[in-house]
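Student:
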Amino acid sequence: MLEGPKVSQSELAKRFGVSQPQICRIIKNKERILSEWHGNGDPERKRKRDGKDAALEAALLRWVEGARAADLPVSGPLLQLKAKHLAEALGRPDPEPSGDWLARFGARHNLIFKKPPAEKGDAEQPTAEHWAGAVLPGLLRSYAPSEIYACGETGIVLPAGSPGKGDGTGDRLTLLLCANADGSEKAPLRAVGESPCPRCLRGVNLGQMPWSYRAGSLAGMTAPLFTEWLREFNEGMRRQGKSILLLLAKHEAHAYLQLSNIRMVFVPLATALAQPLDRGVASDLKGHYRRRLLRWLSVERGVGQPTLLDVLHMLAQAWGDVRPGLIASCFRAAGFRPDAVAETLALTPAPGPFSQEQPERRVLMDDEPEHDKELAEADGDEGAAEEEDTGELAAVQPCPSEREVWGSLATLRRYLECRATSPDLFQAFYELEDAVHAVSAS
């Protein structure tokens, strides 16, 4: 009617039984109203009503869009369960969404919950036992252990009071881990936090770090973030001339892509085989991270808590501490290697804060008497030589304190963060930092 012959606002108001100012507001906001009406897709809806919790609805809607982009079925009970988890993550006082709320949410966003396709013909779907016993071995025989990769996510909690840490969901990071079956290659860590631009990362040459950081909703992995990582990973395999098999769990964030050098295979959710990363790789990484975090806190560096940047470096070091042998054992225990064995793997827990340094310290203590004797003889010879010298006092540089040493290392790390041309430089720096700590602990 607004596009037809010109009609006065007063006549339109009389025709529809509304006030003239209301007609004026409708004409003024015509484009926005039409856009929202088309976006809603419900021609019967006459009023636009937002939910009481806009943040929860926005997060839930993003999750639904990611699930549908990954071609995953979304049912009413599953959506209600996800809404409960999101409400708990957002710290809502009443995290149990009701069925009425779910119905209103679906009506507001024109969501139709269909029966999952897998339920239409369960007899035609291969069972988990069949997949593990027949499908998986055939896949593994086509690839060498170095060409069989698994990836998955795990989460860590940032230290309390860390600079750059936000409130609520900003207290955690999601880590994307990826490694091959013989442990010869571990992809650089991909960390996902909530803050899009942490202050501590300003000025850092992020492209040359041994880790990468992205911002995601509720600090969780999303389909766009996973797709970005997957394309980068495929490009790395293309440059190496490798064609690999990538095993991963079916998840709303794990979008399927046709890639040139990666064959993606989703492990059935009901399979008795656990992901290799869940067999001990993720827990070993967290153990090494906790050890390094305790070591960091025990050293006086002039600051109270590590920043997000410090945590990312500690996580990269902890990922490097995970031994290839442990990764290979986890793949065998999960049945994800051609030479997989059936026995259960007895994993050794990650070392404690000082378990690696104590043997070195005991060796030093056992060798101290003979070593001290040699030092005493050397000091005597040097003293005799000094008496024969001209007698001038040489300017001796005092031994720096531990605070000065750690400050120098922090300065060197900052220089590399700003000027590094390759992530490999940080491996040499991490080794230097470990060596200095071993000297300090002895």
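Residue numbers for the sequence shown follow UniProt numbering, beginning at 1 and rising by one.
Glycine is no exception: its CB is placed at the ideal position from the N, C-alpha and C atoms.
1. Which of the three DSSP states, helix, strand or coil, is assigned to Pro349?
2. With DSSP as the reference, label Gly280 as helix, strand or coil.
3. Tell me which same chain residues have a C-beta within less than 6 Å of the C-beta of Arg15, skipping the five on either side of it?
4. Less than 8 Å between the beta carbons of Cys200 and Leu326, yes or no?
5. For the stretch 239–253 and the stretch 188–208, state whether three or more C-beta atom pairs, one from each stretch, are separated by less than 8 Å.
6. Just the Cα atoms here: how many angstroms apart are Ala179 and Thr222?
7. State the beta-bridge partners of Tyr213 as determined by DSSP.
8. Could you compute how far the alpha carbon of Arg108 sits from the alpha carbon of Ser217?
9. So for Tyr143, helix, strand or coil by DSSP?
10. Note down the Cα distance separating Gly304 from Arg295, rounded to an integer number of angstroms.
11. If you draw a straight line from the C-alpha of Pro21 to the C-alpha of Leu90, how long is it?
12. Specify the secondary structure class of Asn29 as computed by DSSP and reduced to three states.
13. Count the other CB atoms, across all protein chains shown, that sit within 10 Å of the CB of Ile27; report buried if there are 16 or more and exposed otherwise.
14. So Val265 and Leu139 are in contact, right, with Cβ under 8 Å, and what is the actual spacing, rounded?
15. Applying the 10 Å Cβ sphere with the 16-neighbour rule, what's the burial state of Glu153?
16. Assign Glu153 to one of three DSSP states: helix, strand, or coil.
17. With Phe336 as the anchor, note down where its alpha helix (DSSP H) starts and where it stops.
18. So what does DSSP say about Met264, is it helix, strand or coil?
19. Mind checking which residues open and close the alpha helix (DSSP H) that includes Cys418?
20. Less than 8 Å between the C-beta atoms of Arg141 and Pro338, yes or no?
21. If you measure between the beta carbons of Val204 and Glu433, is that distance less than 8 Å?
22. Counting only the same chain and skipping the five closest in sequence on each side, list residues whose C-beta sits under 7 Å from that of Ala318.
23. Please list, in chain order, all residues of the same chain as Asp389 whose beta carbon is under 6 Å from its beta carbon, the five residues on each side excluded.
24. According to the Cβ coordinates, are Pro77 and Gln208 closer than 8 Å?
25. Looking only at its own chain, which residues have a Cβ that is under 7 Å from the Cβ of Trp211, when we skip the five neighbours before and after it?
26. Are Phe429 and Ile148 touching if we call contact CB-CB under 8 Å?
27. Would you mind sorting Val322 into buried or exposed? The rule is 16 or more other CB atoms within 10 Å of its CB.
28. Quick one: what's got a C-beta closer than 7 Å to Ser440's C-beta in the same chain, skipping five residues either side?
29. Mind checking Ser329: buried by the 16 CB within 10 Å criterion, or exposed?
30. Quick one: Cα of Ala55 to Cα of Gly106, how far?
31. How big is the Cα-Cα spacing for Ala83 and Arg104?
Tutor: According to the structure shown:
1. With a pLDDT of only 39 at Pro349, under the threshold of 50, the placement of this residue in the model should not be trusted; the figure read from the coordinates follows. DSSP places Pro349 outside both helix and strand once states are collapsed to three, so it counts as coil.
2. coil
3. none
4. For Cys200 and Leu326, no; Cβs fall outside 8 Å.
5. no
6. 20 Å
7. Ala191
8. 21 Å
9. coil
10. 13 Å
11. Cα to Cα, Pro21 sits roughly 40 Å from Leu90.
12. coil
13. Exposed, by the Cβ-count rule.
14. About 6 Å; that satisfies the 8 Å criterion.
15. Answer is buried; the Cβ neighbour count reaches 16.
16. strand
17. Careful: Phe336 lies outside any alpha helix (DSSP H) and carries neither H nor E.
18. strand
19. Glu402 to Arg419
20. yes
21. It is not a contact, given that the beta carbons lie outside the stated cut-off.
22. Leu285, His288, Tyr289 and Arg292
23. For Asp389, the pLDDT reaches just 47, beneath the cut-off of 50, and the residue's location in the model is therefore unreliable, leaving the point undetermined.
24. no
25. Pro188, Leu189, Ala191, Leu312, Leu315 and Ala316
26. no
27. buried
28. Glu402
29. buried
30. 16 Å
31. 13 Å
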